[in-house]
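S.K.: Residue numbering for the sequence shown follows the working numbering, starting at 3 and increasing by one per position.
Where is the CB? At the ideal position from N, CA and C, for every residue including glycine.
Remember, predicted model here, so these are calculated numbers, not experimental data.
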Amino acid sequence: MNARITITIIILACFPVGLCADECKLNTPVSMETIAAYTNGPDTGDTELVVMGKLNSISPARFNLCMLKRMKPTSFQIDNHWTGVSQKYTGVAFIDLLRQLGLDESASTATVVAANDYRIAIKLSDLKRYEYVLSYALDDKDYAEHEPSNNKGPIAVAINFGKHPELDWDVYKHQLVWFVTTIIVE
Numbered sequence: 003m004n005a006r007i008t009i010t011i012i013i014l015a016c017f018p019v020g021l022c023a024d025e026c027k028l029n030t031p032v033s034m035e036t037i038a039a040y041t042n043g044p045d046t047g048d049t050e051l052v053v054m055g056k057l058n059s060i061s062p063a064r065f066n067l068c069m070l071k072r073m074k075p076t077s078f079q080i081d082n083h084w085t086g087v088s089q090k091y092t093g094v095a096f097i098d099l100l101r102q103l104g105l106d107e108s109a110s111t112a113t114v115v116a117a118n119d120y121r122i123a124i125k126l127s128d129l130k131r132y133e134y135v136l137s138y139a140l141d142d143k144d145y146a147e148h149e150p151s152n153n154k155g156p157i158a159v160a161i162n163f164g165k166h167p168e169l170d171w172d173v174y175k176h177q178l179v180w181f182v183t184t185i186i187v188e
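(1) Taking the beta strand (DSSP E) that Thr76 belongs to, which residues open and close that run?
(2) Quick check on this structure: which residue in Leu70, Arg121, Tyr174 and Tyr91 has the alpha carbon closest to the alpha carbon of Leu103?
(3) Can you tell me the Cα-Cα spacing of Asp45 and Pro62, whole angstroms?
(4) Looking at the structure shown, is Ala23 part of a helix, part of a strand, or coil, going by DSSP?
(5) Along the chain, which unbroken stretches of the alpha helix (DSSP H) at least 4 residues long are found entirely within the stretch 73 to 150?
(6) Mark Tyr120 as exposed unless 16 or more other C-beta atoms lie within 10 angstroms of its C-beta, in which case mark it buried.
(7) Got a sec? Which residues, its chain only, sit under 7 Å from Lys56 by beta carbon, not counting five neighbours each side?
(8) Exposed or buried, which one is Arg64 when buried takes at least 16 other CB atoms within 10 Å?
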């Protein structure tokens, strides 16, 4: 009887929000219903990102890594400014995530907060123009699979400086936030 109860609990924890391990591998869109169910459901302890503020839908919205991986991926290859080594960053377009949550037209910035409470405000116009990515993978491996020197997540902000050479490295490097936990749209 105890085994049956445990199985039922597992099914109830996964089914309403569609986040079972097998489904994480699917490249299916994450619906607003899934986001709402996860956000309003029991805290399973696997929330990686909270997005809040001037949104016309769910605020705050919670995401785990699986949900982000189910969104339309984007990636780019660039030489790492510090090491010179070419690396591939994969994640979701930052502005697309905000738009999916109903980005309010009056919003002008997104403040990104890291696990160590480092925070920086990024202009929404820059997010649109320079195609920022909320990266969850480096060289096709989740950040957690890397050595500590390359573990910048589970989520990090990445900017394709190679595609946008007009960006001033000394200004924009401060927006390469690692271990992102919260985004506040203002």
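M.R.: Reading it off the structure:
(1) Its beta strand (DSSP E) spans residues Thr76 to Asp81.
(2) The shortest Cα separation from Leu103 among Leu70, Arg121, Tyr174 and Tyr91 belongs to Leu70.
(3) When rounded, the distance between both Cα atoms is 13 Å.
(4) With a pLDDT of 45 at Ala23, under the threshold of 50, the predicted position of this residue should be treated as unreliable, and no value is reported.
(5) Here the runs fully enclosed are 96 to 102 and 126 to 132.
(6) Burial call: exposed.
(7) Apart from the 5 residues on each side of it in sequence, Lys56 sits with its Cβ closer than 7 Å to the Cβ of Asp106, Ser108, Ala109, Val187 and Glu188 in its chain, given in chain order.
(8) With a threshold of 16 other beta carbon atoms within 10 Å, Arg64 meets it and is buried.
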